[in-house]
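Chains as they are written, first to last, in our numbering: chain A, 1 to 572; chain B, 573 to 713.
The beta carbon of each residue, even a glycine, is placed where N, CA and C say it ideally should be.
Note that the structure is predicted; figures quoted are calculated from it, not measured.
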């Protein structure tokens, strides 16, 4: 080997050595000095964190029938940068029958600008599978949840609905949102070149927790009966609005709650705010004669009167504090029992003025829970209006006993009646029976809750004696009598106030319970401004009560009292 | 340049050790690849099962809603009318109601008197007794 060869060899070896030294330096720089930075960047490029949402819980009735659940659906999207160059006309022709969309509309979306366009939301899984089988380039799917209400408008005001983000905005959906909502999980995954997950490389997998199921006290059959009968009443009497509530007085469970106007839960966005309002808890009105139960039971409870005590009802007109108080029909002397079942305004006013007095009347108003929320498991409940004693005027003591100068929600009135038929125990009304997880394990169990004892059991017995006669031919609501059962109740016909003045429009109501001795059911029927001449509670709401009660007792298999007077089969 | 090295004969031990080493390395390599392959294959199967389970859950929720819709009182009522099935609630006269026994009845049935005592009371031979639960009302739905 001569000198030139040696030199050349040295140059090559030196060059290679330098090259490899540089490479090693670079490798050391990348792998040692910038390791943390670059490995994090590599992980970011490779790994994807996928959020997984828990399915929203179901809402069921007391027998386990489904009222609301969440279904997985797909949002069909497209990447126009791909679809536009892959025969969009053919893609549109294939998608059109499956998505039930026009071809021109699809073409517009498939050939539009950008890399992402939404084609159709809420596509069911089967349709999505069919589209997937077509293997169309540029068509992608995203997961969505759809809240489904299989019964449409049934119990719509109770069940409520969710917004676009699957958050409850009304009814049980809103009040029980924290239980219904699941807990999100996530997974850290890697995808291959085609975007498919490489399952073996999944590094973290935190399972989401599905929301809890809420079981209501509502019974869908009883709810259906209430809805059907209320609908019939709406057709027959053409009122502006109507309400029916059915409850179990001993526990405070609400078995049905129906309002008109109503709306379809599957299309809640199309309904007006008026239709979506739950009038049972958010509408206040002067209760009218149904409020006489408060003054009479209060005076009986204080032992200031007895059922047999007589009051002069002034032949239908009584001047008090400079204003004349009228009765619907002129009466002479009536006993307390007659004042109740004939619904004398003057009689009730005299009991308050001459016996009970304003302080005690106000005390009983508060004891029955007027002027404060009942606490039912629904959002949007209002307190009603029960002015404090200091704001009463001289006329108040004669007007409040007949249900004027006070405003109550239908649920408050039903609770008051429930106290009267339940030994004086004021029960908190409730709609949520229990909360369970997907395996059926009970998370929360509701129990009947007594919130007061406005009157004694002796007083309730006396009240029932009088209220039973309301549904007899001599009472104000003979049409509310239920064949085979001893029903008790009270009618109410309250004039409406518009623009601060009483107008010739009425709230017609009837609140009743049966069997009167051992009540299993209490039912409130209230119609706002019935048309066609009839407006008295006994002739408008009474028959509706009768029809509802007849069907419900039949459904519950309650024994008629005619054959077995004291034997009741406990309903469910 | 002249090669002065003396050619030595191959030793069997050396060769076999080399071959064994190569085979071991090859086996380890193949096993590693096979294992990786299995992991990916099982990962794929797992993913498929997960997707199937998820699809089944989705289908179940959809069918649950459909079932609820089909069982809704309004639909059943309309179908009864549509097909003229004449399904109505039975009248009171058509019902046979069995009395619901109270706690006394339960006590009597669940703890019967001993056969000997019963026999002594009735004057008949004792017979084997069986415990049965008290009948419940049929009126409950």
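- Just confirm the distance between the C-beta atoms of residue 65/A and residue 223/A, as a whole number of angstroms; I'd bet it's less than 8 Å. Between residue 223/A and residue 65/A the Cβ distance is about 10 Å, and since that is not below 8 Å, they are no contact.
- Message: Rounded to whole angstroms, what is the Cα-Cα separation between residue 131/A and residue 98/A?
- Response: 7 Å
- Item | Interface residues of the stretch 632-645 of chain B facing chain A [CB-CB below 9 Å] | 633, 634, 636, 637, 638, 639, 640, 641, 642, 643, 644 and 645
- Cβ neighbour criterion (16 or more within 10 Å) applied to residue 421/A: buried
- For residue 172/A versus residue 216/A, is the C-beta distance shorter than 8 Å? yes
- Message: Considering only the alpha carbon of each residue, which of 45/A, 211/A, 104/A and 378/A lies closest to residue 70/A?
- Response: 211/A
- Task: Pick out the complete alpha helix (DSSP H) segments inside the stretch 431-508 of chain A, 4 residues or longer, and give them in chain order.
- Result: 457-468
- Item | Outcome for residue 446/A when other beta-carbon atoms lying within 10 angstroms are tallied against a minimum of 16 | buried
- What residues from the stretch 59-88 of chain A come within 8 Å of chain B, judged by C-beta to C-beta, listed N to C? 65, 66, 67, 69, 70, 71 and 72
- Task: Compute the beta-carbon to beta-carbon distance between residue 348/A and residue 415/A, rounded to the nearest angstrom, for a pair I have assumed lies under 8 Å.
- Result: So it is not a contact: roughly 20 Å between Cβ atoms.
- Collapsed DSSP secondary structure at residue 690/B in the structure displayed: With a pLDDT of only 48 at residue 690/B, under the threshold of 50, the placement of this residue in the model should not be trusted, and no figure is reported.
- Message: Do residue 626/B and residue 151/A have their beta-carbon atoms positioned less than 8 Å apart in this structure?
- Response: no
- Query: Using the rule of at least 16 other Cβ atoms within 10 Å of the residue's Cβ for burial, across every protein chain shown, is residue 513/A buried or exposed?
  - Reply: buried
- Query: Counting along the chain, where does the beta strand (DSSP E) carrying residue 318/A start and finish?
  - Reply: 317-320
- Query: Quick one: does residue 199/A have its CB under 8 Å from some CB of chain B?
  - Reply: yes
- Task: Could you tell me whether any Cβ in chain A is nearer than 8 Å to the Cβ of residue 627/B?
- Result: yes
- Message: List, in chain order, every chain B residue whose beta-carbon is nearer than 8 Å to that of residue 484/A.
- Response: 664
- Got a sec: which bits of the stretch 237-261 of chain A sit with their beta carbon under 8 Å from any beta carbon on chain B, in order along the chain? none
- Item | Candidates 561/A, 555/A and 560/A: closest to residue 660/B by CA position | 555/A
- Quick one: which chain A residues come within Cβ less than 7 Å of residue 618/B? 199
- Message: Counting only Cβ pairs nearer than 7 Å, list the residues of chain A close to residue 661/B.
- Response: 554
- Message: To test your reading of the DSSP string, which unbroken beta strand (DSSP E) runs of 3 or more residues are found completely within the stretch 106-166 of chain A?
- Response: 117-123 and 139-148
- Given residue 322/A as reference, the closest of 388/A, 461/A, 546/A and 395/A once Cα atoms are compared: 395/A
- Query: Applying a beta-carbon distance threshold of less than 8 Å, which residues of chain B neighbour residue 546/A?
  - Reply: The contacting residues do not exist; residue 546/A stays about 16 Å from chain B at best.
- In chain A, which residues lie with their C-beta within 9 Å of the C-beta of residue 658/B? By Cβ distance, chain A contributes nothing, its closest Cβ being about 17 Å from residue 658/B, past 9 Å.
- Message: With three or more C-beta pairs closer than 8 Å as the rule, is the stretch 310-329 of chain A touching the stretch 388-402 of chain A?
- Response: yes
- Are the C-beta of residue 204/A and some C-beta of chain B separated by less than 8 Å? no
- Item | Burial state of residue 501/A (16 or more Cβ within 10 Å) | exposed
- Helix or strand or just coil, what does DSSP make of residue 370/A? coil
- Do residue 225/A and residue 430/A have their CB atoms nearer than 8 Å? no
- Query: In whole angstroms, what separates the C-alpha of residue 335/A from that of residue 158/A?
  - Reply: 41 Å
- Task: With 9 Å as the limit, tell me which residues of the stretch 205-226 of chain A have their beta carbon closer than that to any beta carbon of chain B; keep them in chain order.
- Result: 220, 221, 223, 224 and 225
- Query: Is the beta carbon of residue 262/A sitting closer than 8 Å to the one on residue 270/A?
  - Reply: no
- Message: Check for me: the beta strand (DSSP E) holding residue 51/A runs from which residue to which?
- Response: 47-52
- Item | Contacts around residue 475/A, its chain only, beta-carbon distance under 6 Å, and the 5 residues preceding and following it disregarded | 341 and 469
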